[in-house]
Amino acid sequence: MGTNDQKRSLPHGLRLVALAGAAALTLTAGFATPLDPAPQQARAADDGKKVLTVAVAQSVDSLSPFLAVRLLSTSIHRLMYEYLTNYDPKDNHAIPGLATKWESSPDKLTWTYTIRANSKWSDGEQATAEDAAWTFNKMMTDTGAATANGSYVGNFRKVTAPSPTELVIELKKPQATMAALDVPIVPKHVWEKVSDFSEFNNDKSFPVVGNGPFVLSGYKADSYVRLKANKDFWRGSPKFDELVFRYYKDQDAAVSALRKGEVSFVAGSPSLTPAQAESLKGADDIQVNDAPGRRFYALATNPGAKAKNGKKFGDGHPSLLDQRVRNALFRAVDREAIIDKVFRGHAVEGEGYIPPRFQDYFWKPSADRKLAYDPAEAAQLLDQAGYKKNGDGKRVGKDGKPITYRVLCHATDPNDKAVGKYLQEWWGKLGIGVQLNCLDNVTDPWLAGKYDLAFDGWSVNPDPDFVLSIHTCGALPATPEETGATDNFICDKKYDELYARQLTEYDPAKRADIVKQMESRLYDLGYMNVMAYPNAVEAFRTDQIKSITTMPAKAGNIYGQDGYWSWWSAVPADSGGSSDNASSTGVVVGIVAGLVILGGLGAFAAMRRRATAEERE
């Protein structure tokens, strides 16, 4: 499914698929009529308010932090609510959020968090440890509330708030992600009134009470999301008075708006295409940021969709249950050609599950295990598996019919379509047909298991736990009628054992080694073929944005960060002063080229969300 993003970079609160996460920022004229389709010149609102509008090619799946998994939605929640911890935009290490400090007992089974006394909800009430305890307890006891982030609390034994500034979490066994609980803390006095967490989308009454840098003040499905600056935010108020996310389905239209000054920032879907980026370089008042990305771009194979109760569903092609067939298909994928011809060099060849930006966990196969491009070997593997060519040169299945694989692709992602055409060519030479199903909504067939292969991708955070968890048996839906946290219905006992081991391992080097073993296992299973690690290619108007924080500080991205740094730190070009809020983290972004490998990213930041349009965070 796809970015995650996607937080379960996959389907929504359920399981998201990557539709196309284009993001384009616009500084608009007050945006008093968000539904007005006519472009508006970027300028201050009539009342003097500075409004920053982000044009996105992704819709909101839910404004409830208990359900949302798409990148857009979870990014909005980072702006609305504080988490216990945050991540330093310079190097991703864990820093205080709602909690000012945290410590564990010697046996690592009890964690105590000191909750800050200077964070208030936007309705004036104090944010306390009781709000955090209530949030976690609700997720522990209500399956609806555990939809998006339930994996974080699955190992919790008990959560209490002995005082307004003390939160205590007792664990069943040690858990290495306690400095990276990627869960928005909500106000108890508001959310305790909700009766059905599986249905409540938090999108009917505004403003929505929160304690983040922005307050959600308006929303219309598939149109806009409006937020206003929280003047009482404990870190300091944002420089822009309002932040608006406006729906842009056509990425070329967003780029055109950037040229005209109607849009301030464009991130693409999820990145600008090479042609778009090249066309913008050298344009007046426009700067392109080309940085190593957080995301991987992959092909996912249907492993035979099933639920926890053992019931199978969907209609994946039975030949794909044979590892030799899966390996043959991936042997017939020319990754170098994809990097050169599709991404035009704005990506790195894919190998393991975690991008090289996260060097501690980055893994790649040895030369003798690598599924390198080798069409002849691919043909031999298919022959060995019993799928031989008929008189017409077509590979025939066990049912005697020529094999044609249905490949889910996102209609809004040009990369999917371009790679899909290559698959038709490469696999066609093997005698296998390819039917591209490019849809605006790939979630429904994905959740139903009605696909053979699908373009997949996730945005990855510094800590690998979450993105690895989506391939465990525990992430499967309870029944075929329900939705789980699974990315692709993978369920493997050996993988699960490794997952449990890494979760309890506090030694960074030992944990990294276990994570690499998990990546190796995923690679061997062959259900996921990582083709590329795309760069984050973005562009913005320097006459509208004076400075904005990248993450990490050196060679980092602006859109889709692990935190609220970019939007909170953004300084209008006409502000006339220095950026006090961003003095320690804000940077004037320059053009960044090439891949920079970042080492020592020790922060735990729960991996999530995918990144191809419907990407989960």
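To convert, take the position in the sequence shown, counting from 1, and add 419; that gives our numbering. All C-beta atoms, glycine included, are put in the ideal place defined by N, C-alpha and C.
- prompt: Exposed or buried, PHE625, counting other C-beta atoms within 10 Å across all chains shown (16 or more means buried)?
  reply: As a first step, residue 625 is located in the sequence shown; it is residue number 206 there, counting from the start. PHE625 is exposed by the Cβ-count criterion.
field: Buried/exposed call for LYS469, threshold 16 Cβ in 10 Å
entry: On the sequence shown, residue 469 is found 50 positions in, with the first residue counted as 1. With 16 or more other Cβ atoms within 10 Å, it is buried.
field: Cβ separation of ALA1037 and ALA719, assumed to be a contact under 8 Å, to the nearest whole Å
entry: The first residue shown for the chain is 420 and the last is 1036, placing residue 1037 beyond what the model contains.
- prompt: Which two residues bound the contiguous alpha helix (DSSP H) that contains ASN954?
  reply: Looking up residue 954 in the sequence shown gives position 535. ASN954 -> no alpha helix (DSSP H), and no H or E assigned at all.
- prompt: Closest to ILE967 by CA distance: which of LYS509, TRP521 and ASN746 is it?
  reply: Taking the first residue of the sequence shown as 1, we reach residue 967 at position 548. Ranking LYS509, TRP521 and ASN746 by Cα distance to ILE967 puts LYS509 first.
task: Have a look at the DSSP bridge pairing and note the partners of LEU718.
output: Sequence index remark: in the sequence shown, residue 718 carries index 299 (1-based). Paired residues: PHE874 and ASN948.
field: One or two residues paired with ASN649 in a DSSP bridge
entry: Against the sequence shown, residue 649 aligns to sequence position 230. In the DSSP output, where bridge partners are listed per residue, ASN649 has none listed.
message: Quick check on ALA548: does DSSP put it in helix, strand or coil?
response: Locating residue 548 in the sequence shown gives position 129, counting from the first residue. Helix at ALA548.
task: Kindly confirm or deny that the region 893 to 906 and the region 721 to 729 touch, where touching means at least three C-beta pairs closer than 8 Å.
output: With a cut-off of 8 Å, the region 721 to 729 and the region 893 to 906 count as touching, because enough Cβ pairs lie within range.
task: List the whole-angstrom C-beta distance separating LEU491 from GLU589, where the pair is believed to meet the contact cut-off of C-beta under 8 Å.
output: Start at 1 with the first residue of the sequence shown, and residue 491 comes out as number 72. Start at 1 with the first residue of the sequence shown, and residue 589 comes out as number 170. Rounded to whole angstroms, the Cβ separation of LEU491 and GLU589 is 35 Å, and the two are not in contact under 8 Å.
query: Assuming GLY876 and ALA717 make a contact with CB atoms under 8 Å, what is their CB distance in whole Å?
result: Within the sequence shown, numbered from 1, the residue matching residue 876 stands at position 457. Within the sequence shown, numbered from 1, the residue matching residue 717 stands at position 298. Between GLY876 and ALA717, the beta carbon gap of about 6 Å places them in contact (Cβ cut-off 8 Å).
Distance between beta carbons of GLU549 and PRO583, contact taken as under 8 Å: Taking the sequence shown and counting its residues from 1, one reaches residue 583 at position 164. Taking the sequence shown and counting its residues from 1, one reaches residue 549 at position 130. Right, the Cβ-Cβ distance comes to about 7 Å (below 8 Å), so this counts as a contact.
field: Other residues of its chain near LYS807: CB distance less than 8 Å, five sequence neighbours each side excluded
entry: Here residue 807 refers to the residue found at position 388 of the sequence shown. So the list reads LEU801, ARG814 and VAL815, once near-sequence residues are dropped.
task: Would you list the one or two residues that DSSP bridges to TRP521?
output: By 1-based counting over the sequence shown, the position of residue 521 is 102. Residue pairing by DSSP places TRP521 opposite TYR532 in a beta bridge.
- prompt: For the beta strand (DSSP E) that ASN746 lies in, which residues bound it at each end?
  reply: Here residue 746 refers to the residue found at position 327 of the sequence shown. Boundaries around ASN746 are those of the alpha helix (DSSP H), 742 to 750, since no beta strand (DSSP E) includes it.
- prompt: Alpha carbon to alpha carbon, what distance is there between GLY850 and ALA599?
  reply: Here the question's residue 599 lines up with position 180 in the sequence shown. Here the question's residue 850 lines up with position 431 in the sequence shown. Going from the Cα of ALA599 to the Cα of GLY850 covers about 47 Å.
- request: Can you check the region 592 to 671 for any alpha helix (DSSP H) of at least 4 residues that lies completely inside it and give the ranges in chain order?
  value: The alpha helix (DSSP H) runs of length 4 or more contained entirely in the region 592 to 671 are, from start to end of the chain, 607 to 610.
task: Decide yes or no for the touch test of the region 844 to 864 against the region 751 to 763: beta carbon pairs closer than 8 Å, at least 3 of them.
output: Between the region 844 to 864 and the region 751 to 763 there are three or more inter-stretch CB-CB distances shorter than 8 Å, so the stretches are counted as touching.
- prompt: Looking at the structure shown, is LEU503 part of a helix, part of a strand, or coil, going by DSSP?
  reply: As a working mapping, residue 503 is identified with position 84 in the sequence shown. Here LEU503 sits in coil by DSSP.
- prompt: Which residue comes first and which comes last in the beta strand (DSSP E) that contains LEU586?
  reply: Sequence index remark: in the sequence shown, residue 586 carries index 167 (1-based). Looking at the DSSP string, the run of the beta strand (DSSP E) that includes LEU586 is 585 to 590.
Terminal residues of the beta strand (DSSP E) in which ARG825 lies: For the purposes of this step, residue 825 is taken as residue 406 along the sequence shown, with counting starting at 1. Residues 823 to 829.
- prompt: Does DSSP classify PHE684 as helix, strand or coil?
  reply: The residue you call residue 684 lines up with position 265 of the sequence shown. Three-state DSSP puts PHE684 in a strand.
field: For GLU618 and ALA867, the rounded distance between their alpha carbons
entry: Taking the sequence shown and counting its residues from 1, one reaches residue 867 at position 448. Taking the sequence shown and counting its residues from 1, one reaches residue 618 at position 199. Our two residues, ALA867 and GLU618, have alpha carbons roughly 20 Å apart in a direct line.
- prompt: Rounded to whole angstroms, how far is the Cβ of ASP704 from the Cβ of ASP962, which I believe are closer than 8 Å?
  reply: Along the sequence shown, one-based indexing puts residue 704 at 285. Along the sequence shown, one-based indexing puts residue 962 at 543. About 4 Å separates the two Cβ atoms, so the contact holds.
- request: Could you have a look at ASN834 and say whether DSSP puts it in helix, strand or coil?
  value: Along the sequence shown, one-based indexing puts residue 834 at 415. It is helical.
query: Residue range of the beta strand (DSSP E) that GLN370 falls in?
result: The displayed coordinates of the chain run from 420 to 1036. Any statement about residue 370 would go beyond what the structure contains.
- request: Enumerate in chain order the residues of its own chain whose CB-to-CB distance from ALA1012 is below 7 Å, with the five nearest sequence positions on each side excluded.
  value: Position 593 of the sequence shown holds residue 1012. Note on ALA1012: pLDDT 32, under 50, position unreliable in the model; the coordinate value appears next. Take ALA1012, set aside five residues on each side of it, and the residues of its chain with a beta-carbon closer than 7 Å to its own are ASP709, in chain order.
- prompt: Beta-carbon separation of LEU498 and PHE659 under 8 Å?
  reply: By one-based count along the sequence shown, residue 498 stands at place 79. By one-based count along the sequence shown, residue 659 stands at place 240. Between LEU498 and PHE659, the C-beta spacing is not below 8 Å.
message: If you reduce the DSSP assignment to three classes, tell me which class MET420 lands in.
response: As a position in the sequence shown, residue 420 is number 1, starting the count at 1. With a pLDDT of only 46 at MET420, under the threshold of 50, the placement of this residue in the model should not be trusted, and no figure is reported.
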